[in-house]
Ligand SMILES: Cc1cc2nc3c(=O)[nH]c(=O)nc-3n(C[C@H](O)[C@H](O)[C@H](O)COP(=O)(O)OP(=O)(O)OC[C@H]3O[C@@H](n4cnc5c(N)ncnc54)[C@H](O)[C@@H]3O)c2cc1C
């Protein structure tokens, strides 16, 4: 897709898994970093406990999802796809010949249907109703005092316990820092598309 679109969506900056006294498997292709090696290689991490060690997978990296989606759309359009953006799907049904999808703008027939509504899948797929619990996650972008040392050329994506983060990309204001945790469950409302929000 990168070749087709001419866009770089993946930055192979490496993936660093940090932990305290974590068991480090010497799998092919990964580097094992003890506390001393970590300090030398990635001095950007301060005040780690002396027991911290790391596994660095150089094949890991950072994907830019917005650019990837835009590039997919661009390439798909070139190959003849039709994209109906900003159109709320309200219902779908199957019959012996295929599927019918109803939207705010009309109905479509197709042989096959792929549903990829993310957190709203439970609204569109009856079998999932009541089985998905949607929780809100918050993340932050922080501008480091020395952005150059956190650039995608010098800093990996990383994970430490519940926390994870990304390096600075050229057109981004800072590093992403976030926590994997189940936030408070929310009622997932119907998808609100930007055009509807404006009304
Ligand atoms: C705060 C946060 C941080 C994350 N960080 C990372 C990360 O660092 N790395 C990582 O790999 N993943 C991360 N994720 C997870 C990642 O964002 C999701 O796994 C991914 O977006 C799922 O993609 P998707 O296409 O399945 O669903 P989504 O991206 O949710 O897309 C679903 C789309 O369907 C649309 N839709 C829903 N219902 C309808 C309807 N009825 N009609 C029309 N359209 C509808 C929605 O508007 C939406 O555009 C993060 C998620 C969150 C919330």
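Numbering (this note's numbering), first residue to last: 1 to 199.
Ideal Cβ positions, reconstructed from N, Cα and C, are used throughout, including at glycine.
Here the structure is a predicted model, which means the values were calculated and not measured.
Using the Cβ count rule (16 or more neighbours within 10 Å means buried), how would you classify residue i?
i           : result
residue 166 : buried
residue 54  : buried
residue 83  : exposed
residue 71  : buried
residue 114 : exposed
residue 132 : exposed
residue 33  : buried
residue 3   : exposed
residue 142 : exposed
Taking residue i as the reference, which of the options has the closest Cα?
i           : options           : result
residue 19  : 169, 109, 45      : 45
residue 35  : 52, 47, 138       : 52
residue 139 : 183, 106, 81, 67  : 183
residue 1   : 64, 29, 174       : 64
residue 89  : 96, 160, 116, 178 : 116
residue 222 : 26, 107, 27       : In the structure as shown, the chain begins at 1 and stops at 199. Residue 222 is therefore absent and cannot be evaluated.
residue 148 : 141, 24, 174      : 174
residue 24  : 57, 100, 10, 5    : 57
Taking CB distances under 9 Å as the criterion, tell me whether residue i reaches chain C.
i          : result
residue 22 : The structure shown contains no chain C, having only a single protein chain.
Could you please give the first and the last residue of the uninterrupted alpha helix (DSSP H) stretch that includes residue i?
i          : result
residue 74 : 65 to 78
residue 37 : 35 to 41
Once the 5 residues before and after residue i are set aside, which same chain residues still bring their CB inside 8 Å of it?
i           : result
residue 157 : 13, 14, 15, 16, 60, 61, 62, 164, 165, 166, 167
Give every residue of the same chain whose Cβ lies closer than 7 Å to the Cβ of residue i, excluding the five residues on either side of it in the sequence, and list them in chain order.
i           : result
residue 135 : 182, 183, 184, 185, 186
residue 49  : 20
residue 7   : 67, 71
residue 26  : 32
Less than 6 Å between C-beta atoms, sequence neighbours within five positions excluded: which residues of the same chain meet that for residue i?
i           : result
residue 78  : none
residue 124 : 115, 117
residue 38  : 54
Looking at the unbroken beta strand (DSSP E) that takes in residue i, where does it start and where does it end?
i           : result
residue 53  : 52 to 57
residue 102 : 98 to 103
residue 20  : 15 to 20
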